[in-house]
Ligand code: SF4
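Residue numbers (the numbering used here): 1 to 431.
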């Protein structure tokens, strides 16, 4: 390693003393305050540019999507709702005939659609509409122009990021097979982040990295027994299982949030590809140095501040690791809807020993603990943010962390800013 590079503070820090790998986790069951998996369509429809997401649901589902996506649509939307009405619910009409009619209308109007997802909802599950059979039937009718897949976005026992997991898992059986060694990055990333990652992988010496989901359905990544994959998001348990059923192997790494997480994430691939350390360090040094400097300018706004996470996006543990280790924040409680111990093993190792972890939700109990702790900032869903703000707390909407590009070096400071901004605003209001 050259002298100049040796000065770059990008090396993964040693494990926190003890970490949280074996720490007790408070398991909670009770009322939950989360969006359903349909919400994932808001970022997925922008990512896969020739796909259409047809929700088979009620007017409630359509309203949720319109209000959640309304402020974010800047092009023709690629999602819609086939409304299940009272006649369908009462079993007075054949919902499959209705669905076929809606799909025929849609595809004749929109020849740009190459991949159609039928997305299940609570109502479609309640009337036991079999969307996998519907997808098979419609797929036969529209092949080879349009592929038809299905997944569930229902809110029954799920949280909102599981919509992406179900969508990507539905894509896996149709990925072309390969026996060549290949690297796949799994999890929807903003195009700008994907481009940065592609450039960094190329600089490290790993060309031809593939991404799931792809930008177009015709660019599906290949998969096989020599495929290694890196998770870019921590909420993809079903997708990981489906990839492993096709022979792929997960590379163990923390998630690419902050300088430390991003470095270790790229390093996992570099190790697998036997890239010399000097080459790896040289490739990441410019971006890592910039990111470290940018975080240094924000740290004073966050250092020592106490943060409380309600369970919502499943990003909570990687975010807590980043905020505590790189910005010196104090973790009051880190709640997560589901704790996937295998996928989060490295993250748990890196959390400060003694961090209060909770899994699942009993919203009243959590609110009591939050009020008693009086943290400086609370990360929670939209439904809790307004009431907590009214009580004088500073909040950050968890869903914003999924909509915003936050992965990688260039976004590390933006991610820190997302937490600093509400604190600065609150301080100004109090002044
Ligand atoms: S899928 Fe279920 S939770 Fe989601 S909007 Fe529709 S009815 Fe509500």
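Idealized CB from N, CA, C, for every residue including glycine.
Determine the burial state of residue i: buried for a count of at least 16 other Cβ atoms within 10 Å of its Cβ, exposed for fewer.
i: residue 430; result: exposed
i: residue 126; result: exposed
i: residue 245; result: exposed
i: residue 47; result: buried
i: residue 225; result: exposed
i: residue 428; result: exposed
i: residue 396; result: buried
i: residue 84; result: buried
i: residue 283; result: buried
i: residue 219; result: exposed
i: residue 364; result: exposed
i: residue 324; result: buried
i: residue 424; result: exposed
i: residue 196; result: buried
i: residue 394; result: buried
i: residue 14; result: Any answer about residue 14 is weak, because its pLDDT of 43 lies below 50 and its placement is not dependable; what the coordinates show is given next. Per the 10 Å Cβ criterion, exposed.
i: residue 288; result: buried
i: residue 433; result: Summary: the structure shown does not reach residue 433, with the chain confined to residues 1 through 431, and so no result is reported for it.
Leaving out five residues on either side along the sequence, give the residues of the same chain with a beta carbon under 6 angstroms from the beta carbon of residue i.
i: residue 306; result: 330, 332, 375 and 376
i: residue 335; result: 309, 310, 311 and 358
i: residue 319; result: none
i: residue 79; result: 41, 45 and 53
i: residue 270; result: 204 and 280
i: residue 415; result: 406
i: residue 132; result: 150
i: residue 316; result: 309, 334 and 336
i: residue 32; result: 361
i: residue 148; result: 116, 135, 138 and 139
i: residue 275; result: 204 and 205
i: residue 258; result: 322, 326 and 412
i: residue 102; result: 82
Helix, strand or coil: how does DSSP classify residue i here?
i: residue 124; result: helix
i: residue 359; result: strand
i: residue 409; result: coil
i: residue 381; result: coil
i: residue 168; result: helix
i: residue 273; result: coil
i: residue 52; result: strand
i: residue 344; result: coil
i: residue 429; result: helix
i: residue 206; result: coil
i: residue 299; result: helix
i: residue 10; result: Any reading at residue 10 must be qualified, since the residue scores a pLDDT of 42, below 50, and its modelled position is unreliable; the value itself is stated next. Residue state, collapsed to three classes: coil.
i: residue 393; result: coil
i: residue 28; result: strand
i: residue 101; result: helix
i: residue 96; result: helix
i: residue 163; result: helix
i: residue 266; result: helix
i: residue 81; result: strand
i: residue 41; result: helix
i: residue 317; result: helix
i: residue 130; result: coil
i: residue 374; result: coil
i: residue 404; result: coil
i: residue 34; result: coil
i: residue 422; result: helix
i: residue 258; result: helix
Using a Cβ-Cβ cutoff of less than 8 angstroms, which residues in the same chain neighbour residue i once the five nearest sequence positions on both sides are dropped?
i: residue 184; result: 209, 210, 211, 212, 221, 223, 227, 228, 229, 230, 243 and 248
i: residue 420; result: 298, 301 and 302
i: residue 356; result: 26, 331, 332, 333 and 334
i: residue 216; result: 48, 49, 50 and 114
Among the residues of its own chain, which have a CB less than 7 angstroms from the CB of residue i, if the five just before and after it don't count?
i: residue 193; result: 405, 407, 408 and 411
i: residue 398; result: 312, 313, 379, 380 and 381
i: residue 29; result: 360 and 362
i: residue 38; result: 55, 61, 64, 65, 119, 121, 153 and 163
i: residue 238; result: 165, 166 and 169
i: residue 198; result: 209
i: residue 36; result: 153, 154, 155, 158 and 160
i: residue 180; result: 226
Taking the DSSP output, what are the residues bridged to residue i?
i: residue 365; result: Residue 365 pairs with nothing; no bridge assigned.
i: residue 333; result: 308
i: residue 249; result: 228
i: residue 46; result: Per DSSP, none; premise fails for residue 46.
i: residue 182; result: 227
i: residue 147; result: 115
i: residue 152; result: 120
i: residue 212; result: 186
i: residue 201; result: For residue 201, which the question treats as bridged, DSSP gives no partner whatsoever.
i: residue 57; result: 83
i: residue 177; result: 223
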